[in-house]
Amino acid sequence: MNNLITSLIFILLGVFNFFIGKKIKKEQIIGVISGFDKQKDDRKVLCDLIGNNFMAMGVLGILISIFYMTRISKISLGMFIFLYVFMMIITIINIAFKSDKYRKKGKL
Numbered sequence: 001m002n003n004l005i006t007s008l009i010f011i012l013l014g015v016f017n018f019f020i021g022k023k024i025k026k027e028q029i030i031g032v033i034s035g036f037d038k039q040k041d042d043r044k045v046l047c048d049l050i051g052n053n054f055m056a057m058g059v060l061g062i063l064i065s066i067f068y069m070t071r072i073s074k075i076s077l078g079m080f081i082f083l084y085v086f087m088m089i090i091t092i093i094n095i096a097f098k099s100d101k102y103r104k105k106g107k108l
């Protein structure tokens, strides 16, 4: 029962990440992005990048959670949490490297 509740919580986290990403991309909410600089960063590109990555993180989180729910007896809770956290870390690293790549050069 506890494993089922845990996976439902992670599904809700995935849904939350998906909708945050959709809102960032659609409405270009730049205030939630730490380190944004109007002179160095392109608003649309950065919002698209972060929005897409958050939506992907949400979908992957939901899929990992559903997979875990169907295989609760075969996969340990520790492995499930490891996969979920690993997916989030990879997504955040992707955002960090790509945001530096798209940063405008030579403008201060």
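Residues in the sequence shown are numbered consecutively from 1, following full-length UniProt numbering.
For every residue, glycine included, the Cβ atom is placed at its ideal position computed from N, Cα and C.
- Inter-segment contact for the segment 12-19 and the segment 52-59 is present: three or more beta-carbon pairs are separated by less than 8 angstroms.
- Going by beta carbons, Ile75 and Tyr68 fall inside the 9 angstroms limit.
- Look at Val59 here: in three-state DSSP terms it is helix.
- In chain order, Asn3 place their CB closer than 6 angstroms to the CB of Ile72, counting only its own chain and leaving out the 5 sequence neighbours on each side.
- Taking a C-beta distance under 9 angstroms as the contact criterion, Arg43 and Ile30 qualify as a contact pair.
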